[in-house]
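To start, the structure under review is shown below, and the notes come after it.
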Amino acid sequence: MKNILIVAILFLTQLTHSQEDSTRGYKVKVGDQSPKLNFSLMDGTSITNENLKGKVVVLQFTASWCSVCRKEMPHLEKEVWQQFKNDDFILIGIDLKETPGKVKHFIEQMKVTYPFAIDSDGTLFESFTLPNAGVTRNIVLNKQGEIIFLSRLYEEKEFAEMISIIDATLKKP
Numbered sequence: 053m054k055n056i057l058i059v060a061i062l063f064l065t066q067l068t069h070s071q072e073d074s075t076r077g078y079k080v081k082v083g084d085q086s087p088k089l090n091f092s093l094m095d096g097t098s099i100t101n102e103n104l105k106g107k108v109v110v111l112q113f114t115a116s117w118c119s120v121c122r123k124e125m126p127h128l129e130k131e132v133w134q135q136f137k138n139d140d141f142i143l144i145g146i147d148l149k150e151t152p153g154k155v156k157h158f159i160e161q162m163k164v165t166y167p168f169a170i171d172s173d174g175t176l177f178e179s180f181t182l183p184n185a186g187v188t189r190n191i192v193l194n195k196q197g198e199i200i201f202l203s204r205l206y207e208e209k210e211f212a213e214m215i216s217i218i219d220a221t222l223k224k225p
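Add 52 to a position in the sequence shown, counting from 1, and you land on the number used in my numbering.
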């Protein structure tokens, strides 16, 4: 009986893990319309689905304690923000559950210049992700607010694919 219980637990653990792997922790998918957006940047600028229409958008979920986020952010600054910031494009860093002081220090440390917001209670993050999902996520929206790319963690090939998708989407009439 004990062996059957162990096998059942292992099976359920594997099944749950497999489901997480297939979604990568997202409850949205490519092709979906973005969930409702209504937040402010740290400079007070209001962000909504409506005022993002006509722009290609990258929402980068991050946190100061996240080592993978720290690895990715210089690439986002140089290869995404600096490359596309003068187009119909916006990259918004969204810090998860940290204080404004901590986030300001984090931005200074990382030497990034793209706009930032703070998701103080995780509500915005959880509108895209399954419960307890990890950060280091980029969500790319087209000019109509549809999700066109989802990433998890930082992997060079996937990052290059994201840049290619952003570039191609910006070139569409």
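C-beta: ideal position from N, C-alpha, C; glycine also.
None of these values were measured; they are calculated from a predicted model.
- Cβ-Cβ distances below 6 Å link S92 to S98 in the same chain, with the five nearest sequence neighbours on each side left out; the list follows chain order.
- Taking all protein chains in view, the Cβ of T151 is surrounded by fewer than 16 other Cβ atoms within 10 Å, so the residue is classified as exposed.
- A straight line joining the alpha-carbon of E208 with that of N90 spans about 31 Å.
- For S116, the secondary structure class from DSSP, reduced to helix, strand or coil, is coil.
- Contact check for G145 against F180 fails: the beta carbons are separated by 8 Å or more.
- A212 counts as exposed, since fewer than 16 other C-beta atoms from the protein chains shown sit within 10 angstroms of its C-beta.
- Residue pairing of F201 in beta bridges, as defined by DSSP: V192.
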